[in-house]
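A.B. asks: Chains as they are written, first to last, in our numbering: chain A, 8 to 436; chain B, 8 to 436; chain C, 8 to 436; chain D, 8 to 436. Cβ atoms here follow ideal geometry from the backbone N, Cα and C, with glycine treated the same way. Please read all numbers here as calculations on a predicted model, not as lab measurements.
Protein chains: 4
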Amino acid sequence: MAMLEKLLRLTQKARGDRTLEPLLESCRLLISERGQANVYALALKVIEGYSALPAARREAFFAALATEFAPEPETVLSAATQYAQAPTAQHLAVLTQAVESPRQELIRRINRAPGGTAMLLAMRVDLLGLRKGNPELNAVDADYLHLLTSWFNPGFLRLERVDWQSSAALLEKIIHHEAVHEISGWSDLRRRLQPDRRCYAFFHPQLGDEPLIFVEVALVDEMADAVAPLIESKPEAASAKGAKTAVFYSISNCQPGLRGVSLGNFLIKKVADQLKTELPQLKTFCTLSPIPGFVRWLDKTPAEDGEWTAALQRVAAWRQRHPTLAPENITRMPKPVQQDLLSLSARYLVKQSHEALGDPVARFHLDNGARLERINFAADLSKKGMKQSLGLMVNYLYDIGEVELRHQEFVNQKVSHSTAVRRLLKPQA
Amino acid sequence: MAMLEKLLRLTQKARGDRTLEPLLESCRLLISERGQANVYALALKVIEGYSALPAARREAFFAALATEFAPEPETVLSAATQYAQAPTAQHLAVLTQAVESPRQELIRRINRAPGGTAMLLAMRVDLLGLRKGNPELNAVDADYLHLLTSWFNPGFLRLERVDWQSSAALLEKIIHHEAVHEISGWSDLRRRLQPDRRCYAFFHPQLGDEPLIFVEVALVDEMADAVAPLIESKPEAASAKGAKTAVFYSISNCQPGLRGVSLGNFLIKKVADQLKTELPQLKTFCTLSPIPGFVRWLDKTPAEDGEWTAALQRVAAWRQRHPTLAPENITRMPKPVQQDLLSLSARYLVKQSHEALGDPVARFHLDNGARLERINFAADLSKKGMKQSLGLMVNYLYDIGEVELRHQEFVNQKVSHSTAVRRLLKPQA
Amino acid sequence: MAMLEKLLRLTQKARGDRTLEPLLESCRLLISERGQANVYALALKVIEGYSALPAARREAFFAALATEFAPEPETVLSAATQYAQAPTAQHLAVLTQAVESPRQELIRRINRAPGGTAMLLAMRVDLLGLRKGNPELNAVDADYLHLLTSWFNPGFLRLERVDWQSSAALLEKIIHHEAVHEISGWSDLRRRLQPDRRCYAFFHPQLGDEPLIFVEVALVDEMADAVAPLIESKPEAASAKGAKTAVFYSISNCQPGLRGVSLGNFLIKKVADQLKTELPQLKTFCTLSPIPGFVRWLDKTPAEDGEWTAALQRVAAWRQRHPTLAPENITRMPKPVQQDLLSLSARYLVKQSHEALGDPVARFHLDNGARLERINFAADLSKKGMKQSLGLMVNYLYDIGEVELRHQEFVNQKVSHSTAVRRLLKPQA
Amino acid sequence: MAMLEKLLRLTQKARGDRTLEPLLESCRLLISERGQANVYALALKVIEGYSALPAARREAFFAALATEFAPEPETVLSAATQYAQAPTAQHLAVLTQAVESPRQELIRRINRAPGGTAMLLAMRVDLLGLRKGNPELNAVDADYLHLLTSWFNPGFLRLERVDWQSSAALLEKIIHHEAVHEISGWSDLRRRLQPDRRCYAFFHPQLGDEPLIFVEVALVDEMADAVAPLIESKPEAASAKGAKTAVFYSISNCQPGLRGVSLGNFLIKKVADQLKTELPQLKTFCTLSPIPGFVRWLDKTPAEDGEWTAALQRVAAWRQRHPTLAPENITRMPKPVQQDLLSLSARYLVKQSHEALGDPVARFHLDNGARLERINFAADLSKKGMKQSLGLMVNYLYDIGEVELRHQEFVNQKVSHSTAVRRLLKPQA
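(1) Please check if any C-beta of chain A sits within less than 8 Å of the C-beta of Arg442/B.
(2) So is Lys180/C buried or exposed if we call it buried at 16+ other beta carbons inside 10 Å?
(3) In the DSSP assignment, what residue or residues form a beta bridge with Tyr403/A?
(4) List the whole-angstrom C-beta distance separating Leu332/C from Lys391/C, where the pair is believed to meet the contact cut-off of C-beta under 8 Å.
(5) Using a 10 Å radius around the Cβ and a threshold of 16 neighbouring Cβ atoms, would you call Ser296/B buried or exposed?
(6) Return the first residue and the last residue of the alpha helix (DSSP H) that Leu226/B is part of.
(7) Where does the unbroken alpha helix (DSSP H) through Thr252/B begin, and where does it stop?
(8) Measure the alpha-carbon distance for Gly300/C versus Asp387/C and round it to whole angstroms.
(9) Would Ser157/A pass as an interface residue toward chain B - the criterion being a Cβ-Cβ separation below 8 Å?
(10) Terminal residues of the continuous alpha helix (DSSP H) containing Arg370/B?
(11) Can at least three beta-carbon pairs, one atom from the segment 313–330 of chain D and one from the segment 343–354 of chain D, be found at a separation below 8 Å?
(12) Tell me which same chain residues have a C-beta within less than 7 Å of the C-beta of Ala353/B, skipping the five on either side of it?
(13) For Leu166/A, does the three-state DSSP call read helix, strand or coil?
(14) Going along chain C in order, which residues have a C-beta closer than 8 Å to the C-beta of Gly123/D?
(15) Can you have a look at Ile419/C and say buried or exposed, based on whether 16 or more other CB atoms are within 10 angstroms of its CB?
(16) Determine the chain A residues that contact Gln213/B at a beta-carbon separation under 7 Å, and present them in chain order.
(17) How would you write the range of the alpha helix (DSSP H) that Arg110/B sits in, first residue to last?
(18) Among the residues of its own chain, which have a CB less than 8 Å from the CB of Leu349/A, if the five just before and after it don't count?
(19) Thr294/B bridges to which residues according to DSSP?
(20) My guess is that Leu404/D and Ala369/D are in contact by the Cβ rule of under 8 Å, so how many angstroms apart are they, rounded?
(21) Is the beta carbon of Leu84/D less than 8 Å from the beta carbon of Ala87/C?
(22) Gly376/B versus chain A: which residues are under 8 Å apart at the beta carbon?
(23) Does Pro29/D come within less than 8 Å of chain C when only Cβ atoms are used?
(24) Cβ closer than 8 Å: which chain D residues qualify as neighbours of Ala176/A?
(25) Between the alpha carbons of Thr284/A and Glu167/A, how many angstroms are there, rounded?
(26) Take the Cβ of Thr294/D as the centre, count every other Cβ of all protein chains shown within 10 Å, and call the residue buried at 16 or more, exposed below.
(27) Comparing C-alpha positions only, which one of Ala50/C, Glu28/C and Leu27/C sits nearest to Ile38/C?
(28) Whose CA, out of Leu27/A, Ala245/A, Leu270/A and Trp193/A, lies closest to the CA of Ala59/A?
(29) Between Phe68/B and the rest of its own chain, which residues show a CB-CB distance below 8 Å, the 5 nearest in sequence each way excluded?
(30) Could you tell me which residues DSSP pairs with Cys206/B in its beta bridges?
(31) Would you identify the three-state DSSP class for Ser174/C, choosing helix, strand or coil?
(32) For the alpha helix (DSSP H) that Lys276/B lies in, which residues bound it at each end?
(33) Counting only Cβ-Cβ distances shorter than 7 Å, please list the residues of the segment 267–293 of chain C near chain D, keeping chain order.
(34) Mind checking whether Leu152/B and Gly267/B have CB atoms under 8 Å apart?
(35) Using only the alpha-carbon positions, how far apart do Asp133/C and Arg65/C sit?
(36) Sorted by chain position, which residues of the same chain lie with C-beta nearer than 8 Å to Glu314/B's C-beta, five sequence neighbours on each side aside?
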């Protein structure tokens, strides 16, 4: 309640604000009966008003959305009581209207103006930043998320292959947004667009050539056990004709305003579908993924932990001997320590994926219905890779016929994994 | 409540139905937690299941949506009570989730499959037919309408000019869907696409080349007072260069499944905008519209009605003398009867537009913020025109700077009209 | 030489002509050294000048091209003598320049302006008309033909499928230009564009959406023996999936200005190629073609002609009994007369194709390397079909692996034909 | 004649060559009567044959084209004699056919195959290399040039703006082919594609996305006097709205196989036209061009040369003092030496442009009808710029209304120049 009061105070203050009040007035007019006939012009006014609002006034604006543009509690209660007494269509209609916050209609009408969708995404980026200190703004964000999820329905998205025929403007965005394995420039990018490498992105009709999310795929013989060979430059463009395996080695979001709108799952499956059609000889669809949470978890795990104590200590000792990490440290790690490391990572991924410290990448793929297939030693020797996971990477396997079942298992707190991973779960003495 | 019980019985019966039960089971799976990982395939299964459902089973299917896929009354009441006690973001989130019917999620997930949007429109056409006897199905329809309104947000639509460069497949649909002034064939259509006539349609990214709604416009010197000159064939294509007036003479919906999703208002304004940009010399934007409800109202109006009695009787007498209508009857109507007719139509449009018998076309344009500008005698001598309105047609004027105000007036039960119309409101003795 | 003198007189007269002389002056400037820097503007001037030239002055214009813009005989002779003495590269260069008529450069420069190509085609249509009375204009036409052949090189043409997705503007031109089996309107056309019927056209980059030539194809089970089933309307669109035979049943030129530029040969082969790729199950590529010259030849053939006398007389007698032709006359023709007719047509096609009265359609396909495969009785019962060939039609077979050889045979005065046709060549007693 | 004999010997040898003879046989077949029916397949065979030919055999191949595929001297002489006696259309037709070398038909037929045009360009690159030692191959090259000129007629070319929306594949080619002011990478390129810089290229329908020639333009306030400000990177993209002057600062050919086909003239005029339409406020169209021949000429000019002796000596002395050039040397050059340098360059450009040592860039623009407007000191301080012209650059002015006249003057051995340049023509004592 304290938070709510803070918002009410903020809203109160907003009333007298010379930059904010006109914007709120435009918002009120836009959703009014009268505004109906002129949505286009009024929505543009709101867009301009928000664009001109000083950053310091944004919190007060969203506070007003949270309080003034919220559903009326009494109206809601009365409608809910009626519905509880007689759950008829008419009572449901009254109830639904009572519960829907007026700011939903505001968001919908802003969306009608040209540039409206882009504006809503920008507003949400601001809101996500402000929300941290104000849990009451979650209600506003919930409305944004609800509508954006509806509008960025995968059925509305356009899947396009990105290649060397794509515009420089688009490719520049790909370079910029790549979040997993940095693209260092145009020639680096070019290698990732040759015939045996693929890149696919989702686009939304309302956002033109702005990519929403993209995935990079390597078409190779066997499930890859290290990332460097996938992205190293090659003198000659290889063909994809002989490839039997598609390795999804990078997936990056481009729109922070779409946080929480799940697109990656659908992207992976649609790309797998399309590759299968184009190249029927492909047998295996898997990832080569980082384990961004592994070292963080290791650092927080107690040194004594039953049968795992020995392994934990050996790895800790090795890490103390190598305070700064270099590729050659990793590659020269003694075999038994390697084995400990792999076992601990298997334990982390299988036992912790439903816990607070669980790995976000593991969660994403397991929830999509993939299986934890293999853990690879010395697979990512970049600085980031060594720091996050001591160079380990994971193959998650997408067996299209099984994803539904495996997703269900994950929901039921199980983590599907291969025999090889199961063996790792038994630590060395 | 009787209706609700009927639905529950229908639902009960559905449980054992060999064609329906598998479809409902697919629907349950599609919105289940497990279904999440396989939305694409499961949505296709629901689409196939519904397509294969015998027409006679559809009512039972929608009954199941109305009962089984509805919000839980107790859950709703408890959430509403909590929110009434403390209107926090968290309570609102719980409440919102409780109130949203599970069938909304079902509709959203169907929409993710290829062809999903088209399927939802087809389902809704069925539902609109069944709803008449079952007001309880309104709750289901409300969910369809809510989501379709969101997805067919004008901001997502593509406006395109339809002309002789358009595909034959599209033009054929225009011929088919024209609902106001029938297009009798390709050469008739061609005239309406020459440089001084325009046709614009809205398209949705998800429905490909399927038009949603289109409008036909004549670019002429002055506000047109009859429809024939606008659509009659001409040997030579005139240019639009000298035109000062854009007359919107026909607007037709193509998707019955979108009933209630308001697109016409936005279409007219967007086309006016585009024409204004292309042809800055255009000064007047108006319609030439039918009065489909006029004769229907005349037939139901009592013969004695104060100062209007004389006019009503003169018109009734003339109509008795001309039981079958022909163009020459109308054109030879005695001047005083003409005057009576015009006065009565003015009265009908100005006084009845907020009543049950009010004219739907008048309501549409007035609610859009147009003004009732002029009523034209002998303006539509087609059979339909004579039958519905004894040949009268109306010009509604769109003064872009005034639409907001006029819409507000209309909401406040007033009908904006010109001085000329005001004069007609005083009947002859 | 008389003709040449006529042209010179015409040219002389042109000098003083107030409408023609400025045009000729523009032509001279356009090909002058000075004109080089301003080709674009000067070519437009020539185009405007010719467009404005009264029809009656065109002959004088082309006469001037024939005389004034021709190579200089003395220069040519001197260059040829030099080359005969020493056939070096330098002498050849001098010779080539001497022989090329200045009007070739004129045509080339006209072609550089926007609309230049279309203008040259229009000029040539005029020239083809005037040429009949003036064989000396053949030299001018040869230059047009030479350059147009170079510019309408099949390698520069774009093959496109014409279907119901094509623009109405294009389809209207298809209806207009169909020269073999008239298209009576849009629904007639539609049938010819359904999945089991195809239409392909060539386009030139310089002429936009203007088709040059198009071919219509029926995808059917077996080699068709009558045209009606190919073009009759059908309630349902059949699929092309089961088809084993592609029947080219109509080929029409759209540009009279391209007469003599051979495109049909290349079109048939490119379409066959494309169909083969799309539908690998197609085994047979053939035509169903008219015999436009048959009756004309029959009428000029002497009544007494050795072993053919009896057949000629029987057919003549039948024709006398049926002075006006109706479909039922043909279908009820006595079997022996049918046989005579088929034999005579086989004789006409096999023996006369290299003669003056030879059939132009036969010549076209045989020269393309097709084989005379089958002659069909009562195959075209349209008025035109009965008048030209008493309802007979021919299948020419394109066996892609054999076309080169068969073309060579045709060049060597032989007509490839099947065993069935060979049998017809022996008349009944 | 010696050369011709060498070619005949080469041809003789070719007859027995196992790699060459089959290719020549394919060529013969392709232009034979029989080949007519199968041009497509036979042309592909010639293309494959030439592609597989070892580089060392190419000279023998072109020798065969020069001798075996040349016009017959006797036939030519006889036809020329006939034409000289009676210059009729028929005699001209015979003559034209006799003079046209069979290799022209060969080239035309190769061009019909897919990839034919690209192949002909590649062949010509080889031929241009071989021609240097074999003037007799000029006859073969003349045929290539004749036909390529016809096919790359500017009327057939597509002008396209190249910008950041263009494909990376195209932009990479622009970087590669830029021949005047090197583009050092993608960010360098990007600056040249911002709104106040333009790049336009010509494309040919037959060569897809392969640019033929492109020009770079800076939109600025005043006629630029140095190149660095035009291509230096800028933090912000400037707008072109205020610009009054379009400076063409670079023009580069991309197809060495098109040498001699004049495209640059037309490109400059078409781009000027397009810019004028888009930005009507543009008043001046000029270049900022290098003087690649200046230092070369200076080095060959005798030290004593009348009134120019003093200037020549002062410049020579300065050059001796600065054997290696650096930007600061140029910028610190004493004023009087600067003046000498400018005067000498004016003299070079005005007096030498029709001589052997004349500047090729000057010739190109003057022949296009431009005027020598201004010479700029220290305008290009790149290594290349200092080496070729001691940093000088030239503005040529395109006054569209005057180009025809000025081109004519240039043809008549005059060089149009401004008053400022005229003043420079008088050297200092």
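C.D. replies: The structure says:
(1) Nothing about residue 442/B can be read from this structure; chain B reaches only from 8 to 436.
(2) buried
(3) Leu379/A
(4) Not quite, the Cβ-Cβ distance comes to about 11 Å (not below 8 Å), so this is no contact.
(5) buried
(6) First-last for Leu226/B: Ile220 to Val227, but that is the beta strand (DSSP E), not the alpha helix (DSSP H).
(7) Here Thr252/B belongs to no alpha helix (DSSP H); instead the beta strand (DSSP E) covers Thr252 to Asn260.
(8) 15 Å
(9) yes
(10) Pro367 to Asp374
(11) yes
(12) Ile382, Val428, Leu431 and Leu432
(13) strand
(14) Gly162
(15) It should be pointed out that residue 419/C corresponds to Asn in this sequence rather than to Ile. Exposed is the call here.
(16) Gly162 and Phe163
(17) Pro109 to Ile117
(18) Ile382, Phe384, Leu399 and Leu431
(19) Phe255/B
(20) Going by Cβ atoms, the distance from Leu404/D to Ala369/D rounds to 13 Å, so no, they are not a contact pair.
(21) yes
(22) Ala44 and Asn45
(23) no
(24) Trp171 and Gln172
(25) 15 Å
(26) buried
(27) Ala50/C
(28) Leu27/A
(29) Ala21, Leu27, Leu30, Leu31, Tyr57 and Leu60
(30) Glu223/B
(31) strand
(32) Gly271 to Glu285
(33) Lys276
(34) yes
(35) 8 Å
(36) Pro434
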